[in-house]
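Each residue of the sequence shown is one higher than the one before, starting from 4 at the first, in our numbering.
The beta carbon of each residue, even a glycine, is placed where N, CA and C say it ideally should be.
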Amino acid sequence: MNATPYKRNLSPDSDLQYVKGVGPALAALFGRNGYRTVGDFTKNYPRAYEDQRAARLISTLQDGDIVSLKAYVVNVSNYNMGASSRKVYDIMVRDQSGQIRCKFFRVPYKGYFERFKPGTEIRVVGKVTNYRGRLEFHHPDMRDIDPEEEIKDALIPIYIEHEGMSSVKIQKFIQNCFLQLKEWGEDKFPESIMKKHNLVTHEQAMHEIHHPNMAEASLYNQYKSSAHRRIIFEEFFWLELYLASKKSNLKKEKGIVVKNESKLSEALIKSLPFELT
4 MNATPYKRNL
14 SPDSDLQYVK
24 GVGPALAALF
34 GRNGYRTVGD
44 FTKNYPRAYE
54 DQRAARLIST
64 LQDGDIVSLK
74 AYVVNVSNYN
84 MGASSRKVYD
94 IMVRDQSGQI
104 RCKFFRVPYK
114 GYFERFKPGT
124 EIRVVGKVTN
134 YRGRLEFHHP
144 DMRDIDPEEE
154 IKDALIPIYI
164 EHEGMSSVKI
174 QKFIQNCFLQ
184 LKEWGEDKFP
194 ESIMKKHNLV
204 THEQAMHEIH
214 HPNMAEASLY
224 NQYKSSAHRR
234 IIFEEFFWLE
244 LYLASKKSNL
254 KKEKGIVVKN
264 ESKLSEALIK
274 SLPFELT
């Protein structure tokens, strides 16, 4: 039996609940995080990209590397941060070449750490940090390995998890947004600006930031891909335009004229019990 085809009947302004798989309850959850429309949700940009072509061994890691690796959970522990009541969560993982700590200085959501049982095989994606002379991951993306979701030769977007909603599920909903979008509307930048600054269209940028262009694979985790350049340029452009508009309005506003009441000032000065210096 063939799957039901997606209807391209949504616009960027459509309510998020109409995206396949979302519905009113999940739309309310995403709404609490500022995503109320399809357009809002497509601006939930990946925080990193997992390059499954370049899986690494722990023994090869270096400070500053952004990597993807498979490992097994050794143990999960937590301790208080100094004299405060705040806890640091520490997950030790290992592969055949060595082991490394994955530290969390805040809890992503309730129950997050309970799923990591010793011996569980997981995928870790994040930036390697040299912390007090020891290599660690701080707040990496960690998830169980599902063979059906393992994609080879691809960059996989990693999203911030919302209240237990995994990166994989968020990616699926975003893909559904693109499958159901009828059109993006006219690009707000004229062709002359795009040509002058070598920018791709808004539609292309939004698509490629969630569906990476493998020709630019090495640029994505540095936020230097064509898609990132367009979005960053766009955000700075609108910010500059807003600030310029505010400045222009301030110049047009009439100020309060303060009259020089010299006689009143002189009388006030004379009444003081001391001499002004």
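Look up residue i in the DSSP assignment and say whether it is helix, strand or coil.
i	result
T280	Confidence at T280 is low in this model, with a pLDDT of 47, below 50, so its placement is unreliable and the value that follows should be read with caution. Three-state result, T280: coil.
Q99	coil
G67	coil
L222	helix
A58	coil
K10	coil
T284	The question about residue 284 has no answer here: the residues shown for the chain are numbered 4 through 280.
K46	coil
Y52	strand
F119	coil
R232	helix
G34	helix
H213	helix
Taking 8 Å as the CB-CB cut-off, is residue i touching chain B?
i	result
R135	Absent from the structure: chain B. Only one protein chain is present.
Bridge partners of residue i, per DSSP?
i	result
R104	M95, E139
M168	H165
R126	K73, R146
I27	Here the sequence assigns Pro to residue 27, which means Ile is not the residue at that position. DSSP lists no partner for P27.
N78	M95
Y134	R137
D18	T40
N252	DSSP lists no partner for N252.
L246	In the DSSP output, where bridge partners are listed per residue, L246 has none listed.
P160	Y52
K90	N83
Given this structure, state the Cα-to-Cα distance separating residue i from residue j, to the nearest angstrom.
i	j	result
L202	R233	6 Å
D66	K199	37 Å
S303	L64	Look at the range of the chain in this structure, 4 to 280, and you will see that residue 303 is not part of it.
K46	G114	27 Å
A230	L244	21 Å
T132	N12	45 Å
V79	L29	30 Å
W187	P215	19 Å
Y48	K172	14 Å
A157	L246	40 Å
S228	Q20	31 Å
G122	L222	34 Å
V110	Y92	8 Å
G34	I212	22 Å
H165	G136	32 Å
G26	D18	10 Å
Y75	I125	6 Å
T40	G101	45 Å
D43	D16	8 Å
N36	L184	22 Å
E206	S14	13 Å
R97	S62	10 Å
R50	Y226	10 Å
G24	C180	10 Å
Under 8 Å: do the segment 133-142 and the segment 99-106 share three or more Cβ pairs, one atom per stretch?
yes
The segment 53-61 contacting the segment 71-91, beta-carbon criterion three pairs below 8 Å:
yes
Inspect the CB distances between the segment 191-204 and the segment 219-238 and report whether three or more fall short of 8 Å.
yes
Going along the chain, which unbroken runs of the alpha helix (DSSP H) with 4 or more residues stay wholly within the segment 167-198?
170-183
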